[in-house]
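Asker: Everything in the sequence shown is counted per this note's numbering, starting at 180 for the first residue and increasing by one.
C-beta atoms are modelled at their ideal positions from N, C-alpha and C, and glycine is treated no differently.
All of these numbers come straight from a predicted model, not from anything done at the bench.
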Amino acid sequence: MSMESKTEALQRVEQFLKQEKSRRMFERYQTIRLYLLGHDYSQIATSIGRSEYTVKNIFAPTGSMDWMVCR
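Given below as structure tokens:
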């Protein structure tokens, strides 16, 4: 992911965070935001109080954030 697209993705995620009402989706967006900021899975898991396995599943099966393009 290029720096510009990473910045755009971060801005998009932060916008989603402001609008989100569902706790589940808020937590997912928060996880993605931390990932875009450079945190690794174990740091993210500690921050949000979930297991590293759960954090990794947010990016499964592709390991990317392509789904954000559709939103």
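1) Going by Cα to Cα distance, which pick from Leu216, Val192, Gly217 is closest to Glu206?
2) Drop a sphere of 10 angstroms on the beta-carbon of Ala224, count the other beta-carbons inside from all chains shown, and report buried for 16 or more, exposed for fewer.
3) Which runs of the alpha helix (DSSP H) at least 4 residues long sit entirely within the stretch 198-232? Give them in chain order.
4) How long is the line joining the alpha carbons of Tyr220 and Gln198, rounded to whole angstroms?
5) To the nearest angstrom, report how far apart Ile237 and Ile227 are at their CA atoms.
Answerer: Concretely, from the data shown:
1) Val192
2) In this structure Ala224 is buried. Its beta-carbon is surrounded by 16 or more other beta-carbon atoms within 10 angstroms.
3) 202-215, 220-227
4) 25 Å
5) 13 Å
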